[in-house]
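See below for the structure under consideration.
2 protein chains.
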Amino acid sequence: MSTIKYPGAIDYPNCTSTVKDHHSKRGMFLENDVNESNEFYRECNRALIYKKPTPVQVVRVDYPARNKAKIVEAYYRSPSTTDYNGVYRGKYIDFEAKETKNKTQFPISMIHSHQIEHLKKVKLHGGIGFFLVRFNAHEQTFLIDSQELIQELEQAIKSYIPYTWFIEHGIVIKEGLYPRLSYLDAVDAKYFKEDV
Amino acid sequence: MSTIKYPGAIDYPNCTSTVKDHHSKRGMFLENDVNESNEFYRECNRALIYKKPTPVQVVRVDYPARNKAKIVEAYYRSPSTTDYNGVYRGKYIDFEAKETKNKTQFPISMIHSHQIEHLKKVKLHGGIGFFLVRFNAHEQTFLIDSQELIQELEQAIKSYIPYTWFIEHGIVIKEGLYPRLSYLDAVDAKYFKEDV
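These protein sequence lines are chains A and B, in that order. Those letters in the first sequence? Residues 28 to 223, by our numbering. Those letters in the second sequence? Residues 28 to 223, by our numbering.
And the structure:
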């Protein structure tokens with residue numbers, strides 16, 4: 028695989044992707060893979076994408092030592108946006124990652140209404156929005172355009188979207204060591220067709 | 028003031044900015060003003076910009092009731108990026124907000140190295156990066172391009188940048204009720220000149 032050149036980016040020789048289609052004893056945690064991929068992409072200067080911190084409502088803080096704050100009462104809050112955003116090839120990128128152990132279907136309940144509303148707005152403002160959906164049983168992760176998946180789930184009569192729909196409408200993301208998930212290649216194929 | 032139209036945006040009649048140049052008994056908290064302005068801009072569908080949650084390292088969680096997680100030991104972590112990002116007119120927007128009570132100068136130490144590195148990368152990837160700097164004593168908030176301020180502080184011999192430098196290089200942001208800070212008008216003037 029060759030690295031992709033784009034205006035203003037620096038080419039780091041040791042940042043060539045290592046892609047392999049099979050993997051063994053891989054973690055089942057999509058979030059971890061996405062975070063490691065983003066770190067790889069940042070180090071290569073290919074993109075600047077981060078996971079947003081989980082919002083926490085802090086209620087009480089102790090100061091056991093000078094200048095050292097210890098949070099002793101806090102609660103998780105529901106995020107109002109998606110988990111990941113950043114900039115790639117001059118465009119705003121925004122996405123949510125979901126994984127399921129289900130072999131044949133993706134439960135619609137895994138996608139929350141605030142994520143749908145947020146991704147609709149991303150599109151409205153000219154950003155690129157998508158979902159990364161992993162079927163652990165198939166060891167496959169798909170990139171699906173947010174608009175396509177939202178349309179499908181808003182039209183859905185049942186409480187799930189079949190795995191076969193993802194085969195038809197998604198792009199399978201290549202997996203490897205560095206990056207774990209070459210999801211930006213799928214972004215190129217989907218959103219920067221004319222430049223590839 | 029007229030609202031700005033851009034492709035794909037919806038015009039909400041009751042979202043016209045109310046700008047006034049004087050304000051009395053205003054809070055001294057820039058962060059609060061920026062958050063309220065972002066909320067206003069989101070409701071108008073003018074932009075989709077959020078403050079990132081403060082990162083917290085959670086060490087211990089109790090479950091006093093089923094499905095209720097109570098964080099009982101956690102610590103604030105240093106963010107690796109800036110405080111605000113999002114999408115406006117199809118472009119990636121990223122900025123940091125700082126305020127000082129100092130009348131004549133802005134202390135360089137208020138801007139951290141991770142913020143400088145991050146904003147350099149935003150530029151590299153084609154995003155729009157800037158600082159909002161408020162001088163509380165003058166009741167003035169400036170928008171300064173990140174590259175200009177970073178260049179100035181990397182060249183600076185002293186530990187501060189004079190207030191007069193901001194007068195010369197920044198754009199004064201109009202203040203009012205809705206939004207508190209019309210900082211997107213300054214973004215238009217600085218980065219979308221040809222469209223205004």
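Just so it is clear, CB atoms sit at the ideal spot from N, CA and C, and this is done for glycine as well.
Under DSSP, B/TYR187 takes part in a beta bridge, and its partners are B/PRO134. When C-beta distances to chain B are compared with 8 Å, the residues of the region 68-90 of chain A below that value are ARG69, ASN72, ALA74, LEU75, TYR77, LYS79, PRO80, THR81, PRO82, VAL83, VAL85, in chain order.
Below the 9 Å Cβ cutoff, chain B contributes ILE98, VAL99, GLU100, ALA101 as neighbours of A/VAL99, in chain order. Residue burial is scored here from C-beta neighbours: B/SER186 has fewer than 16 other C-beta atoms within 10 angstroms and is therefore classed as exposed. Legend: CB atoms of the region 147-161 of chain A lying less than 9 Å from CB atoms of chain B belong to residues LYS148, VAL149, LYS150, LEU151, HIS152, GLY153, GLY154. Taking a C-beta cut-off of 7 Å against chain B, the contacting residues of the region 104-115 of chain A are THR108, ASN112, VAL114, TYR115, listed in chain order. Scanning its chain for C-beta atoms nearer than 8 Å, with the 5 sequence neighbours on each side dropped, one finds around B/ALA164 the residues LYS128, ASN129, LYS130, in chain order.
Taking 9 Å as the Cβ-Cβ cut-off, the region 119-133 of chain A approaches chain B at TYR119, ILE120, ASP121, given in chain order. With a contact defined as Cβ atoms closer than 8 Å, A/SER173 and A/LEU146 qualify at about 4 Å. The straight-line gap separating the alpha-carbon atoms of A/GLU175 and B/HIS196 is approximately 44 Å.
Residue nearest to A/ILE171 within the set A/ARG93, A/LYS217, A/VAL83 is A/LYS217 (criterion: CA-CA distance).
Taking A/GLN132 as the centre and dropping the five residues before and after it, the same chain places the C-beta of TYR187, ILE188, PRO189, TYR190 closer than 7 Å to its C-beta, in chain order.
Contact between the region 94-114 of chain A and the region 68-83 of chain A is established, with three or more Cβ pairs separated by less than 8 Å. Among the residues facing chain B, A/GLY117 is included, as its CB has a counterpart in that chain under 9 Å away. With a cutoff of 9 Å on beta-carbon distance, B/LEU57 and B/GLU126 are scored as near each other. Counted as a single uninterrupted DSSP element, the alpha helix (DSSP H) harbouring B/ILE177 occupies residues 173-182. Excluding residues up to 5 positions away in sequence, ASP121 lie with their Cβ nearer than 6 Å to the Cβ of A/ASN112 in the same chain. Boundaries of the alpha helix (DSSP H) harbouring A/GLU63: 57-70, taken from the DSSP string.
Minimum Cα-Cα distance from B/PRO134 among the listed residues B/ILE76, B/TYR115, B/ILE184 corresponds to B/ILE184. Ranked by how close their Cα comes to the Cα of B/LEU75, the residues B/ARG161, B/PHE169, B/ALA213, B/VAL114 have B/VAL114 in first place. For A/HIS139, not one C-beta of chain B is nearer than 9 Å to its own C-beta.
A distance below 6 Å between beta-carbons, with the five flanking residues on each side excluded, links A/ARG161 to the following residues of its chain, in chain order: LEU57, GLU126, THR168. Judged by DSSP secondary structure, A/GLU144 falls within the alpha helix (DSSP H) whose first and last residues are 140-151. Spanning the alpha carbons of B/LEU159 and B/ALA124 requires a straight line of approximately 5 Å. Put simply, the backbone Cα of B/HIS152 is about 8 Å away from that of A/ARG73.
Note on geometry: alpha-carbon atoms of A/TYR77 and A/THR109 lie some 11 Å from one another. Only exposed fits A/GLN182, as fewer than 16 other CB atoms lie within 10 angstroms of its CB. Put simply, the CB of A/HIS145 is near chain B, with a gap under 9 Å to one of its CB atoms.
Under the three-state reduction of DSSP output, A/ASN163 falls in the helix class.
Sorting B/TYR90, B/GLU70, B/GLN142, B/GLU66 by C-alpha distance to the C-alpha of B/LEU180 places B/GLN142 at the top.
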